[in-house]
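Protein chains in written order, with the working numbering: chain A, 1 to 366; chain B, 367 to 581.
Built from N, CA and C at the ideal position, the CB exists for glycine as well.
Computed from a predicted model, the values in this text were never measured in an experiment.
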Amino acid sequence: MKHDWKASMERVNASYAGETPDKVPCMLWLDENAGSRISGLSIREILKSSKKLAQVSLDVFEYLGMDNLWLVTGPYLGPYEGFAVAQANGKGDQFVWKDHYTPHLREGVVCKTEKDIENFQIPEHTKVQPWPTILEALVINREKTGMQPALNLSLTWSNVQMLRGSQAYLDIRRNPDLLLTLCEKIYASQWNYYEAYRKIVGEPSIVLNAQYGFNAHMLSFEDAWKFEGQFIARFCKKTGLPLYIHNCGFKPYWFETIDRLRQEGVVVFGVNGSHPQDLDFWVNFRKKYPDIHIMGAAISVNSEMEHGTPADVIERVKQNILKLAPLKRFIICPLCCLPWRVPMNNIRAISEAVELYGKYPIAAAQ
Amino acid sequence: MTREQVFTQLEEMVLALDQEGVEKATQEALNKGFQAQEIISNGLAKGMQAIGGKFECGEIFLPELMMSGEVMKAALKILRPHMVKSGTTAAHKILLATPRGDIHDIGKNILGGLLEGNGFEIHDLGIDVPPEEIANKAREVNAEVIALSALVSSGVSSMAEAIILLKERDIPAKVIIGGAACSIEAAKAVGADGYGKDAWQGLQTIEEWVKGGNL
């Protein structure tokens, strides 16, 4: 059956607006692994042209019956921002391509020394590949389906880790000013990306930011704010864009982060996370923040999705739906990007569970 | 300064992440005739335990944990020649790697720093390491523990391959895995002996193996 993108769009928009959709919308983070696995193409073949990238992405999301349409280049800036920066700084050879796995930049190589940071060159995202391909692919799929893309950023910690490596953690105590200089350069690069996005795709209506620094197993809240939070706050205040926070870490500072961002005048539109795994946390979250959208919640790709059976996945999705869907503003979405090892039947079990238990009114569907 | 005060000072300086202070106090303790091993076990190691306790309850974070590894490494650099003299250098050998398919090395580096700071002998194979290389190196250095870290799932698949190869070749090293792509379920699935949800837990697990005579 042909995928009904209009219905998907209405479902998602109703959820965003706090209204009642026909059923719980269902989203997936899919990256190159899924794109390659389902299309049978290598990553570089997929990225050969914007047309090819758009088509593979459309095919994959339709095949899995999802209500979101992102690109299979990963919905965040991670690896390709690293690639762009590496190319601009004469280290493009440090980017490691894989045929069927997500490519990555070798960590800590591009900004290994203080001099590297001082001389850091900002990439021009309208020109450095694969960004023009990615941005044009967004336009193609929007024209085909009407689905609006989101502006995805990574301010700043995942970029810090990618560029500076484990040294960044020592910098926090030994050389915080150097680290802040790097954060400023990353901000400038992300701003350049934002301008490229506006030029090729158009004005975004929301920004999705990957905020990995805000995890209690990594940084104190104060350090997370200093080296990450202040930058996304600055970006949102300058652009006036509402913020959707992505955090797939194990111990996110959800409450502290949201409260601080709001104090700063940022409109926090939604959260996208899978931890804590305790569903009652998310019920309490909804009570505390009735107007903040949840895309999640307690479904980890590294537990039942990867190691369970389809029945395990259906049960987990069911529990999420029963607890959170009646409270509205909820999209079911396992986090983070689906690893290659997740069985295809487990992926399909998500939409099966939504068909079984996710039709509104939820109580009647049980 | 009494014996207790010497050790308490060392412990407190490790806890304060005062590298210069630790170096100085370690040298002074040696000058006073204390044995390297008792400086470690009665002073420095207690400081590390306190650091770990604070990390576990969220009072300190990864930057401090990494710094503690650096502080301990500096102290061990001073103590090592004295350990050689007293014949207490038999450090346990740990092989570290990010397996094939994964080029992330932050988690591995953090664990490596901590292990080295706690007196283990580290052999770091780097990133994107094929199973054959892991098995060959484990045999060459007589590794007692192989610690594998993966951020992406392709690394977990390679972990499974490496563990199968180690078993086929009768290499007796214990294998511990960690990293964002891993979980307790993943450890069971790939046949690892242990799982560390973070670097500190990885260190604790390996130290428990040492204390339990399991290496």
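- Counting the other CB atoms within 10 Å of its CB gives R535 (chain B) a total below 16, which places it among the exposed residues.
- Among the CB atoms of chain B, none fall inside 8 Å of the CB of E81 (chain A).
- Contact of G165 (chain A) with chain B by beta-carbon distance below 8 Å involves D471, I472 and N475.
- Counting every other CB atom within 10 Å of its CB across the protein chains shown gives C423 (chain B) a total below 16, marking it as exposed.
- D31 (chain A) counts as buried, since at least 16 other C-beta atoms from the protein chains shown sit within 10 angstroms of its C-beta.
- The C-beta of F486 (chain B) comes no closer than 8 Å to any C-beta of chain A.
- Comparing alpha-carbon positions, the option among A:A137, A:L155, A:D116 and A:R11 lying closest to R234 (chain A) turns out to be A:L155.
- Flagged as an interface residue toward chain B: L170 (chain A), by a C-beta distance shorter than 8 Å.
- Per the coordinates, the alpha-carbon of N302 (chain A) lies some 23 Å from the alpha-carbon of K540 (chain B).
- Not one beta carbon of chain B lies nearer than 8 Å to the beta carbon of L151 (chain A).
- Between P339 (chain A) and chain B, the shortest Cβ-Cβ separation is below 8 Å.
- The CB of S523 (chain B) comes closer than 8 Å to the CB of W340 and R341 in chain A, given here in chain order.
- One Cα belongs to D171 (chain A), the other to F427 (chain B), and the distance between them is close to 13 Å.
- Shown here, I512 (chain B) sits in a strand according to DSSP, grouped into three states.
- At a Cβ-Cβ threshold of 8 Å, M295 (chain A) and C333 (chain A) count as neighbours.
- At least one C-beta of chain B is nearer than 8 Å to the C-beta of E107 (chain A).
- Secondary structure note for E136 (chain A): its alpha helix (DSSP H) is the uninterrupted segment W131 to T145.
- Between S515 (chain B) and G545 (chain B), the CB-CB gap stays under 8 Å.
- What G424 (chain B) touches in chain A, judged by beta-carbon distance under 7 Å, is A216, going in chain order.
- Shortest Cα-Cα distance from N13 (chain A) to any of A:M305, A:P343 and A:H293 involves A:H293.
- Per DSSP, I245 (chain A) is one residue of the beta strand (DSSP E) stretching across L243 to H246.
- Ranking A:S189, A:Q190, A:A188 and A:R164 by CA distance to the CA of L178 (chain A) puts A:R164 first.
- C-alpha of L491 (chain B) to C-alpha of T145 (chain A): approximately 48 Å in a straight line.
- Contact annotation, V24 (chain A) with V268 (chain A): C-beta distance approximately 22 Å; criterion of less than 8 Å not satisfied.
- Rounded to whole angstroms, the separation of the alpha carbons of G82 (chain A) and R44 (chain A) is 16 Å.
- Taking C-beta atoms as the reference points, A402 (chain B) and M449 (chain B) count as a pair closer than 8 Å.
- Using a CB distance below 8 Å, the part of the region 193-223 of chain A facing chain B consists of A216, H217, M218, L219, S220 and D223, ordered along the chain.
- With respect to the 8 Å criterion, L477 (chain B) and G387 (chain B) are not classified as neighbours on the basis of their beta carbons.
- With a 10 Å radius around the Cβ and a threshold of 16 neighbouring Cβ atoms, M1 (chain A) comes out exposed.
- Of all residues in the region 292-303 of chain A, the ones placed with a Cβ closer than 7 Å to any Cβ belonging to chain B are N302 and S303, in chain order.
- Contact between G483 (chain B) and K439 (chain B) holds, since their C-beta atoms are separated by about 5 Å, short of 8 Å.
- Secondary structure of I460 (chain B) (DSSP, three-state): strand.
- Listed by position along chain A, the residues whose Cβ is nearer than 7 Å to that of A547 (chain B) are N302 and P339.
- Looking at the backbone, the Cα of S524 (chain B) and that of E499 (chain B) are separated by about 12 Å.
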